[in-house]
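K.L.:
Take the position in the sequence shown, starting the count at 1, then add 17; the result is the number in the numbering used here. Yeah, the Cβ is synthetic: ideal placement off N, Cα and C, and Gly gets one too. As the structure is a computational prediction, the values presented were derived from the model and not from experiment.
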Amino acid sequence: MHKKSGFFRATLSSLIIGIVISAETSAVEIGPTLISEVTPNQVYSEAEILAIKDIAVKKFKSGGQNSLTKEYVLYQEINSLDPKSLTTEQLSFLKNNSKHQTEAFKRHPEGPIAVPIFDIASLARYKLFLHQVELEKEQLKPIFNSSLSTFAQKSLESPATFHASKALLAEANDLSLLDTELLINSYKAANHEDALSLLFALVEQKHSLEAAKAVLQSSFQSPLKHQLLSNLDKYFSAEQRETLLSEHIRAKSKLSSQALAEYGKLPQSVIKTELLYANLSDPSLGASSAFALANVLKKSSDVSILKSHLQQKKKSRLHTANTLLALNLADTPASRQLLQEALEQDYVQFDDMKAEVKTWLK
Numbered sequence: 018m019h020k021k022s023g024f025f026r027a028t029l030s031s032l033i034i035g036i037v038i039s040a041e042t043s044a045v046e047i048g049p050t051l052i053s054e055v056t057p058n059q060v061y062s063e064a065e066i067l068a069i070k071d072i073a074v075k076k077f078k079s080g081g082q083n084s085l086t087k088e089y090v091l092y093q094e095i096n097s098l099d100p101k102s103l104t105t106e107q108l109s110f111l112k113n114n115s116k117h118q119t120e121a122f123k124r125h126p127e128g129p130i131a132v133p134i135f136d137i138a139s140l141a142r143y144k145l146f147l148h149q150v151e152l153e154k155e156q157l158k159p160i161f162n163s164s165l166s167t168f169a170q171k172s173l174e175s176p177a178t179f180h181a182s183k184a185l186l187a188e189a190n191d192l193s194l195l196d197t198e199l200l201i202n203s204y205k206a207a208n209h210e211d212a213l214s215l216l217f218a219l220v221e222q223k224h225s226l227e228a229a230k231a232v233l234q235s236s237f238q239s240p241l242k243h244q245l246l247s248n249l250d251k252y253f254s255a256e257q258r259e260t261l262l263s264e265h266i267r268a269k270s271k272l273s274s275q276a277l278a279e280y281g282k283l284p285q286s287v288i289k290t291e292l293l294y295a296n297l298s299d300p301s302l303g304a305s306s307a308f309a310l311a312n313v314l315k316k317s318s319d320v321s322i323l324k325s326h327l328q329q330k331k332k333s334r335l336h337t338a339n340t341l342l343a344l345n346l347a348d349t350p351a352s353r354q355l356l357q358e359a360l361e362q363d364y365v366q367f368d369d370m371k372a373e374v375k376t377w378l379k
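Listed below in structure tokens is the structure:
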């Protein structure tokens with residue numbers, strides 16, 4: 018099967034990306050629009066687009082504007098509105114423009130697709146959504162102060178209440194340990210993917226280890242898990258990070274490989290190297306363990322345990338390969354010396370590995 022070109026990938030993306038923000042907007046717009054479907058005077062060059070952006074909106078006169086100028090002025094007018102304080106007229110203005118039909122396009126660089134220069138309808142819907150979030154936030158404030166269990170339930174009712182709740186949690190400086198625990202338990206019980214972001218907010222705001230565990234142990238697959246693992250040092254002590262990471266390494270979960278990589282970055286004082294050595298023969302985690310060990314070896318010249326492993330487990334192809342990988346990735350005088358010794362003393366029993374190690378030492 019032929020690979021899809023960049024043009025087809027872009028076309029496919031434009032068909033897929035159709036997230037509905039406002040409740041008043043219906044299904045995904047049909048697209049993409051072809052150049053042949055718009056009139057020539059609606060298509061503009063990059064030079065014309067750059068020129069229009071260099072001119073202040075106030076300099077434009079109301080009459081005699083082409084479609085590019087009209088769209089630019091309208092886009093800037095919508096962009097200047099503050100969703101926190103919209104008048105009745107501004108709300109009506111945004112609702113009308115949430116259904117705006119684009120009149121100014123540019124040609125897609127990879128095919129005959131007409132790309133809107135200013136996506137006015139999406140911007141208007143976004144402003145309306147932010148306004149709705151502000152309204153929800155005001156309604157949720159008294160609930161947040163009186164009943165956290167009700168707040169937790171309502172925070173997952175809609176996209177607007179979700180974002181409003183997230184904002185309130187980010188502002189909550191006086192949450193007690195008991196209140197934090199109540200929210201964590203409520204979001205865990207909700208079994209809702211959006212609850213992960215709210216738990217993450219508790220990690221950021223309260224540096225809650227239990228909230229972090231709830232995010233990482235969730236059954237939902239989310240990039241938030243990987244983001245959290247990569248930023249544990251922002252929220253937790255070295256000892257806490259060691260506990261959290263070792264739990265996921267031992268669990269042999271989908272996060273274990275990343276947990277191993279992060280484990281190798283911990284301070285030497287908290288690392289339990291036996292955990293890394295124990296996984297060198299693991300079919301799934303062996304290479305990640307080698308990577309983590311390499312980081313440890315860069316800070317320590319002691320390669321005696323790896324030497325012992327090479328001697329005692331030389332019949333295991335997988336263990337030998339990952340032990341050699343750790344030494345090579347460490348790339349220290351001590352690790353290179355042991356690689357040389359491994360060849361000379363026949364610690365490596367596999368010809369293809371011997372050949373590979375020789376290339377490393379050149």
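State the start and end residues of the unbroken beta strand (DSSP E) segment that holds F217.
P.N.:
Here F217 belongs to no beta strand (DSSP E); instead the alpha helix (DSSP H) covers 212 to 223.
K.L.:
Using alpha carbons as the reference points, say which of H224, H209, S263, R258 lies closest to S239.
P.N.:
When each option's Cα is compared against that of S239, the closest is H209.
K.L.:
Count the CB pairs spanning the region 195 to 208 and the region 162 to 180 that are closer than 8 Å, and state whether there are at least three.
P.N.:
Flag = yes, the region 195 to 208 and the region 162 to 180 touch.
K.L.:
In three-state terms, what does DSSP make of K330?
P.N.:
Of the three classes helix, strand and coil, the one that applies to K330 here is coil, per DSSP.
K.L.:
Express the C-alpha separation of E106 and S305 in angstroms, rounding to a whole number.
P.N.:
One C-alpha to the other measures close to 59 Å.
K.L.:
Is the distance from the Cβ of I60 to the Cβ of K123 below 8 Å?
P.N.:
As written in the sequence, residue 60 is Val, which differs from the Ile given in the question. The answer is yes: Cβ separation under 8 Å.
K.L.:
Would you identify the three-state DSSP class for T178, choosing helix, strand or coil?
P.N.:
If DSSP states are grouped into helix, strand and coil, T178 belongs with the helices.
K.L.:
Given a threshold of 16 other Cβ atoms within 10 Å of its Cβ, counted over all protein chains shown, does R267 qualify as buried or as exposed?
P.N.:
Exposed, since its Cβ has fewer than 16 Cβ neighbours within 10 Å.
K.L.:
What is the rounded straight-line gap between the Cα of A1 and the Cα of K144?
P.N.:
Here the chain has residues from 18 to 379 only, and residue 1 is not among them.
K.L.:
Would you give the residue range spanned by the alpha helix (DSSP H) that A206 belongs to?
P.N.:
Here the alpha helix (DSSP H) through A206 covers 194 to 207.
K.L.:
Note down, in chain order, each residue of its chain lying with its Cβ closer than 6 Å to the Cβ of K375, except the 5 sequence neighbours on either side.
P.N.:
Contacts found: none.
K.L.:
Just curious, the alpha helix (DSSP H) that I130 is in, first and last residue?
P.N.:
Looking at the DSSP string, I130 is not in any alpha helix (DSSP H); the run it does join, the beta strand (DSSP E), is 130 to 133.
K.L.:
So, with DSSP's three-state summary, where would you put K230?
P.N.:
Here K230 sits in helix by DSSP.
K.L.:
Of the choices A372, E373, K112, whose alpha-carbon is the least far from that of L140?
P.N.:
Among A372, E373, K112, the Cα nearest to that of L140 is on K112.
K.L.:
Which residue marks the beginning of the alpha helix (DSSP H) containing K70, and which one marks its end?
P.N.:
Per DSSP, K70 belongs to the alpha helix (DSSP H) from 63 to 70.
K.L.:
According to the neighbour-count rule (16 or more other Cβ atoms, all chains shown, within 10 Å of its Cβ), is Q149 buried or exposed?
P.N.:
Buried, since its Cβ has 16 or more Cβ neighbours within 10 Å.
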